[in-house]
Amino acid sequence: MDITQLKYFVCIVESDYNLSNASKKLHISQPALTQYIRKFEDDEGIELFTRMSGRLNGLTVSGENFYSNAKIVIEQYNTMYKELHENSSSIKGTVTIGIPPLVLTVLFTEYLSQIIRLNPTIRFNIVEEGAYELRRKLLLHEIDFVVILQPTNLNNQIYAEDIIHKDQLTAFMCHRNALAKKESIKWKDLDHANLAIFNETFMIHHQLMKKFESEDIKPNIVLSSSLWDFLLESTRSSDYITILPAPIHNHIRFDGIVEKMFDQPIYWHVVLAYPIKSHYNRIERYVRKSMQDFFIDNKELKPINQSE
2 MDITQLKYFV
12 CIVESDYNLS
22 NASKKLHISQ
32 PALTQYIRKF
42 EDDEGIELFT
52 RMSGRLNGLT
62 VSGENFYSNA
72 KIVIEQYNTM
82 YKELHENSSS
92 IKGTVTIGIP
102 PLVLTVLFTE
112 YLSQIIRLNP
122 TIRFNIVEEG
132 AYELRRKLLL
142 HEIDFVVILQ
152 PTNLNNQIYA
162 EDIIHKDQLT
172 AFMCHRNALA
182 KKESIKWKDL
192 DHANLAIFNE
202 TFMIHHQLMK
212 KFESEDIKPN
222 IVLSSSLWDF
232 LLESTRSSDY
242 ITILPAPIHN
252 HIRFDGIVEK
262 MFDQPIYWHV
272 VLAYPIKSHY
282 NRIERYVRKS
292 MQDFFIDNKE
302 LKPINQSE
């Protein structure tokens, strides 16, 4: 039995043993399909199907085992065929990656510029949205990967998560602020303090509000925005305090601004999330490996045809 015949057999089972429906799906005549079944059973001396009044209505024990093995063989064949074509020609295609604006600016500028330059035949489609919108798009299969913060609240039976960056949230304020003199600050220090924080479209906003509630803190939120640089600048000549991911310090001018760590910080862990499936194409495998190389292992990035 060749791979085509295996597909015929599986299609019959998945058509609920209705040969008319199966023949339409397979684009062959029903008599030819009937003849194929009978010939195989006669040649092998094994009955795969049970019958009632001459019609197929189920599988024998041998048929059940054969069906399970046939699905495995077909899946392996499809994987082998895909990989053959991926490896035998120049790799072209599109991959869609969702990244929140803040993470894009803070972590991904250099990474994206490198992989785009190294792989001119691949289109990297970057979707820049808030974490909640990106999560929705992932659930609807509108994007291949999302870069979001933990906890993602994704079903770990359906989605995989690779941690690509570990850090924490820190406080930024004017050097004249009373808290600027402290080596580190406590969350209680923010009780009734004037805060400038991200708006509700950001995961950080919800993390902070949850923390304030758990610590019984009542800060005065005087400003909320989606722009981290605006939040930061608002502290430069005021008593406002903003709370941002620590890597922001690599992108700012510290003149008049100080950064303070919390004694019990909120962690800022960035993950690459994607659906769990039996086969990932060459581009999908490259995205995962290149992020591991760049963010975790500090390796030099290579083009896709030199990767793996």
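According to my numbering, the sequence shown is numbered sequentially starting from 2.
Don't be surprised by glycine CBs; every beta carbon is placed ideally from N, CA and C.
Small disclaimer: the values here were computed from a predicted structure and weren't measured.
As assigned by DSSP and simplified to three states, the class of residue i
i: residue 9; result: helix
i: residue 89; result: Low confidence applies here, because residue 89 scores a pLDDT of 45, under 50, leaving its location unreliable and the question unanswered by this model.
i: residue 261; result: strand
i: residue 131; result: coil
i: residue 136; result: helix
i: residue 197; result: strand
i: residue 59; result: strand
i: residue 185; result: strand
Extent of the continuous beta strand (DSSP E) to which residue i belongs
i: residue 171; result: 160-175
i: residue 97; result: 94-100
i: residue 107; result: Neither: residue 107 is in no beta strand (DSSP E) and is coded neither H nor E.
i: residue 226; result: 221-226
Residue i versus residue j - alpha carbon distance
i: residue 4; j: residue 75; result: 7 Å
i: residue 185; j: residue 79; result: 57 Å
i: residue 114; j: residue 95; result: 16 Å
i: residue 65; j: residue 49; result: 8 Å
i: residue 15; j: residue 70; result: 14 Å
i: residue 138; j: residue 146; result: 10 Å
i: residue 89; j: residue 277; result: Any reading at residue 89 must be qualified, since the residue scores a pLDDT of 45, below 50, and its modelled position is unreliable; no value is offered.
i: residue 242; j: residue 219; result: 14 Å
i: residue 30; j: residue 286; result: 40 Å
i: residue 312; j: residue 163; result: Nothing about residue 312 can be read from this structure; the chain reaches only from 2 to 309.
Member of the options whose CA lies at the smallest distance from the CA of residue i
i: residue 122; options: 293, 284 and 99; result: 284
i: residue 107; options: 263, 308 and 168; result: 168
i: residue 268; options: 243, 152 and 127; result: 152
i: residue 239; options: 226, 257, 225 and 246; result: 257
i: residue 130; options: 143, 8, 154 and 305; result: 143
Unbroken alpha helix (DSSP H) run spanning residue i, endpoints
i: residue 37; result: 31-45
i: residue 22; result: 20-27
i: residue 296; result: That residue, residue 296, is in no alpha helix (DSSP H); it is neither H nor E in DSSP.
Beta-ladder partner(s) of residue i, from DSSP
i: residue 271; result: 150 and 166
i: residue 289; result: Partner(s): none; residue 289 has no beta bridge.
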